[in-house]
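Protein chains in written order, with our numbering: chain Z, 352 to 680; chain X, 352 to 680; chain Y, 37 to 389; chain C, 37 to 389.
All C-beta atoms in this analysis are idealised placements derived from N, C-alpha and C, irrespective of residue type, glycine included.
Computed from a predicted model, the values in this text were never measured in an experiment.
Notes follow the structure.
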Ligand SMILES: Cc1ncc(C[n+]2csc(CCOP(=O)(O)OP(=O)(O)O)c2C)c(N)n1
Ligand SMILES: Cc1ncc(C[n+]2csc(CCOP(=O)(O)OP(=O)(O)O)c2C)c(N)n1
Ligand SMILES: [Mg+2]
Ligand SMILES: [Mg+2]
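Structure below.
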């Protein structure tokens, strides 16, 4: 339609910021790098000039206090977005996220809700190493009281950021720098209720189910294309919301395909891929499986720097294809 | 044998401290409450008087710096034990544990190893509420580079603490105040290599496998006794070490029983019980299952305070028995 | 004040300040109101102590008896739209804002009628309609929250202020230092109130910090600060008036260090002479003599503004309120089981997807 | 120094200190050695800048050109058993201890022969045999580690000290404040060295802190402190001598604030005039004129202790060393794939259970 706009993942995020800041005076943004044009790719360009430094607040190097302040501002009726240019830096802010934001509603009897959004960016590769490469979404998926969003598509990058900020609950919104170049034509914004957002089948198939979130969904989609060349029809389910987690769509899919490969760019143990396998295994009867489920994750190691090791560290399309072939063989 | 000594879980930990401090001059202890007789139950009584306040260091309320200091002291050849009287307080110290301790060996090419032990205590119940009740072992199990130990038995409380401190790697040792009253007669101490410690069958059975760690293993054992009264023979496997995780013993057991109930006192999503289900599901063929696996965990909520809600919040023996009965029926 | 040694000087001396307060030109009527509020706090806490001792309260209670003048002096200048945050020892902060004893007691008993609807007990109090945004027991956890609530007030142009109550132990958490800097840079209208009772559970401040005055951090962060005898409600309210006014006028944060002492042990009803480090019976007795209530009452009496009879009457009235509030709270219902999941997220539907 | 405003005074003035250093009675031979080390750092970093620009280096390099005098002045008093920790901008800290350029270059290239065996690149350096315990890029992450390593030295009675290098941005992390207090209370022999280059990436200190002098935190924590021109190696070494001696004698931690400036942008080879906030070309030019190397060379020449010829020769020698080290590093092998899992835990067996 003529009303569609071309975005990439980064500018889709930017559009969400502009929409929120333009429409909701209670929205403000706080975090490191917000007055710099290079911290967060093209996803926040010139917001400070457009909306003023009073609403786009660049901060001291104090992740704990900035995140805690956003929790407090949210309790006082604002809709803050805290930006952590790397999820790794947020390890300093765990008390604010996990002890405070996630629990406040429950602790006070459901009478107050810190509706902040924590935007945590996965930013890896480029030989940056172990402290600048993590993907800790499984941690936040583990904590009741948080909503966790991990957009894989350009549309979700925009619309789920808006839904996150408008949600009355604390949300951890996790975007991945490796996705910023994806492009798409999007219809005008509609405000979604985050509580209604469910996993989505991005590609249909009945030989096996690939389930994943964020950047791993790109891997799954690309793997599905390659598998199709080998006549393997993979269904790709993008999880989108990791907490509260509702896998009905995935379970439904595996009921049909009988095979599951969970792909995740996080670590394996107590990670997202394992959770997908566990929920599906609980939900369907053993005889419905045509093969035991499998997962593709990071190896059990911190991120290396050396390019030769980086190239074997991150799960990619070839591995996904290989495991999928094992599953259907 | 005549050389056995009677301990409870708390005094078994105390015995480990005394052994380590008496034998290894490089061992010291740092943390909050160490000069108080009531912070950590009976597990550290009078250590300060016995070994001096220079080695038993009570600290300011600064979890981050104290944990980081232990990492640095370990790099400098000491064997520090950091004590967090509640695992909840450690959320302030995540950088030191996850960004530093877990990654240091890898980041510096395996040339230095911060061999500290972080003793994190799960301390809940008693209407203490959401910030004083957490069990975050799944988080640490998720992070490569850490070893994670969760002793369920009196013997392990003692011997795995010693193995943790003697391990050259960073270890998170998680004990649970709900276990302190368990008693046992123990043989003299032998030093174990933590890297060799594997899950252990604490009770044999062939109708179903109960897998769990820490206090949940007590629930599993008690449930097994009740199940035996109903002629259901449950095998109980105590996981003991959650990271690096090796579930061969559990997989072996489920191969025989065809049924699995994973019991865990942590949250469900991306938690320990799900990981057990995932690993077993990957490892055995669908036809080997006699029923789909199940798990018993906390509900998806922070810990409440009110006694009526506490009583339904924590998983207990009746629920474990009920689920086990469903599995075998 | 210098940054080293016993910088508090006489303020930390247990033998200091035993006599009646000097009332200055504080209106007697206001002082009588404050005396009443302090009594109400004291007696409510004493009641909680007894009920805890007798096993009628299931969870821990951190009592602040002896520290009442701090919250009462500060709250003098607060209004219902302000944003007050506390910690584990916050009964006084709540009651000083006019909080309901029934709501408090019901909360401590885990009842659905409690201030936090029975989800929090003594350590998690909430009374936002009166300006009490909440208290939770992670040490220092609410300090940055107060900065954010103050920032919100600035953005909302309400002229409201936020208050963060915390202790001399909390000062040792890095996030407090970050919060001071952030508040200063954002010109957030927040008042940091350190109730320096010289102890963090069993540890005397001399075992934890090189100076017993925490106001040095306000100075390092260039925040306007005052240091007062926290057992002198006249001194507290004078300093608080200046600092709250400063914040309300948009001039930036304030920092109030109030030196005080808790009479009970760290938690529950016992005094902790037997378990503490560096806390002697003599010190405790001296501090009891520096009673913020007794000193004010004595001064008012000397000024002819108070009498044994009025004191007795006030006590009786509060006693009656307490008994009734407690009985009602005991009779009140517990939360329904659904509360466990219904209160996790803002909408029920969301809790069980 | 007061706690507010531009407390650094002239030290932060770009136009200050352009002339030759005043050498005092510092032995010329030592100064010549320091000049050589500073040159070695400068030229190594310039080489890295070019290689990064040309795409030969895959990972980020945070260059400290302009700040060489700090590490060189401090390292003068260090020995191989001391325990030095750095951060993201630590080439100078390493080289000042005599670190191998080949080891550094190979590391930056991700080679198995690198100082961290190719596992860390520029931001994760390790040379424990020379006392360099490690640098990692989480801001402030190593500061408490240095306190712990110092505590260990005290317990081990070695007389060793630890050094924590960090920036004016890192000071804003709460853990630094906690570390200052902890070091002070434990009397840990650690020297906190703040390289105050007035910026944290794009943010000038005036946008982040109410005062541009971080030494106020040493005062708040009652830690012995000195504030110096970080581009004056004579001043740095004088202060460092006193503070390292103080720590080594067991008198407690020290705090050295060295005011300096980085010539390049926050990361990689460009200067960041175009991307920074509050950084003008004029300031940058002035700071380049306050070159720690140029000022020392000029002073030594004026004293007849140095000459253009010697400078040229030193430059040539270092140039040769750099070329050889680089070529060797380029030719060196990458780590084997097994390194990915073998180096996670101390024992191979443990990594794959
Ligand atoms: C993060 C954290 N660490 C430790 C504790 C345990 N704790 C509870 S209260 C307290 C003492 C705090 O002292 P202070 O801030 O002076 O307050 P006071 O008890 O004197 O009112 C401690 C250490 C906690 N609740 N949270
Ligand atoms: C915890 C954390 N937060 C943020 C960053 C991003 N970051 C890297 S360097 C830097 C600036 C630090 O400034 P300063 O400490 O003054 O050191 P300088 O770069 O000036 O040497 C920042 C914010 C990080 N690496 N770690
Ligand atoms: Mg205190
Ligand atoms: Mg800097």
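With DSSP collapsed to three states, give me the class of residue i.
i, result
"residue 388/C", "Confidence at residue 388/C is low in this model, with a pLDDT of 37, below 50, so its placement is unreliable and the value that follows should be read with caution. If DSSP states are grouped into helix, strand and coil, residue 388/C belongs with coil."
"residue 247/Y", "strand"
"residue 57/C", "coil"
"residue 239/Y", "strand"
"residue 665/Z", "coil"
"residue 282/C", "helix"
"residue 634/X", "helix"
"residue 203/Y", "strand"
"residue 158/C", "helix"
"residue 540/Z", "coil"
"residue 293/Y", "strand"
At least one CB of chain Y closer than 9 Å to the CB of residue i: is that the case?
i, result
"residue 405/X", "no"
"residue 630/Z", "no"
"residue 451/X", "no"
"residue 595/Z", "yes"
For ligand 2, is there any heavy atom lying closer than 8 Å to the beta carbon of residue i?
i, result
"residue 214/C", "no"
"residue 443/X", "no"
"residue 160/C", "no"
I want to verify the contact list: residues of chain C whose CB lies under 8 Å from the CB of residue i, in sequence order.
i, result
"residue 211/Y", "210"
Which residues in chain Z sit within 8 Å of residue i, going by Cβ to Cβ distance?
i, result
"residue 129/C", "Near residue 129/C there are no residues of chain Z at all, since even the closest Cβ is about 18 Å away, more than 8 Å."
"residue 140/Y", "Those within 8 Å of residue 140/Y in chain Z number zero; the least Cβ separation is about 14 Å."
"residue 651/X", "495 and 595"
"residue 183/Y", "416, 419, 420 and 423"
Under 8 Å between beta-carbons, which chain Y residues line up against residue i? List them in chain order, please.
i, result
"residue 253/C", "256"
"residue 663/X", "373 and 376"
Against chain Z, does residue i count as a neighbour if the rule is that its beta carbon must be under 9 Å from one of theirs?
i, result
"residue 88/C", "no"
"residue 98/C", "no"
At a Cβ threshold of 9 Å, is residue i touching chain C?
i, result
"residue 352/X", "Residue confidence for residue 352/X is low, a pLDDT of 47 falling below 50, so the modelled location carries little weight; the figure read from the coordinates is stated next. Residue 352/X does not count as touching chain C."
"residue 604/X", "no"
"residue 217/Y", "yes"
"residue 287/Y", "no"
Using a threshold of 8 Å, is the CB atom of residue i nearer than that to any non-hydrogen atom of ligand 1?
i, result
"residue 440/X", "yes"
At a Cβ threshold of 9 Å, is residue i touching chain X?
i, result
"residue 352/C", "no"
"residue 157/Y", "yes"
"residue 178/C", "yes"
So which residues on chain Y does residue i lean against when the C-beta distance must stay under 7 Å?
i, result
"residue 458/Z", "152, 155, 156, 160 and 172"
"residue 556/X", "Within chain Y, no residue comes near residue 556/X; the closest Cβ sits about 33 Å away, beyond 7 Å."
Mind checking whether the beta-carbon of residue i lies closer than 8 Å to any heavy atom of ligand 3?
i, result
"residue 231/Y", "yes"
At a CB-CB cut-off below 7 Å, which residues of chain Z make contact with residue i?
i, result
"residue 445/X", "442 and 445"
Using a C-beta to C-beta distance shorter than 9 Å, which residues of chain Y count as neighbours of residue i?
i, result
"residue 221/C", "243, 244, 245 and 246"
Query raised in the report: In chain order, what are the residues with a CB under 6 Å from some non-hydrogen atom of ligand 6?
Result: The model on display carries ligand 1, ligand 2, ligand 3 and ligand 4 but not ligand 6.
**Report entry** Whole runs of the alpha helix (DSSP H) within the segment 594-645 of chain Z, excluding any shorter than 4 residues
**Finding:** 599-608 and 623-634
Query - Sequence ranges, alpha helix (DSSP H) only - wholly within the segment 70-103 of chain Y, length at least 4 - result: none
Report task. Can you check the segment 447-483 of chain Z for any alpha helix (DSSP H) of at least 4 residues that lies completely inside it and give the ranges in chain order? Result -> 453-458
Query - Whole beta strand (DSSP E) elements within the segment 356-408 of chain X, 3-residue minimum - result: 356-359 and 378-382
Query raised in the report: Which runs of the alpha helix (DSSP H), 4 residues or longer, sit entirely within the segment 130-154 of chain C?
Result: 137-144
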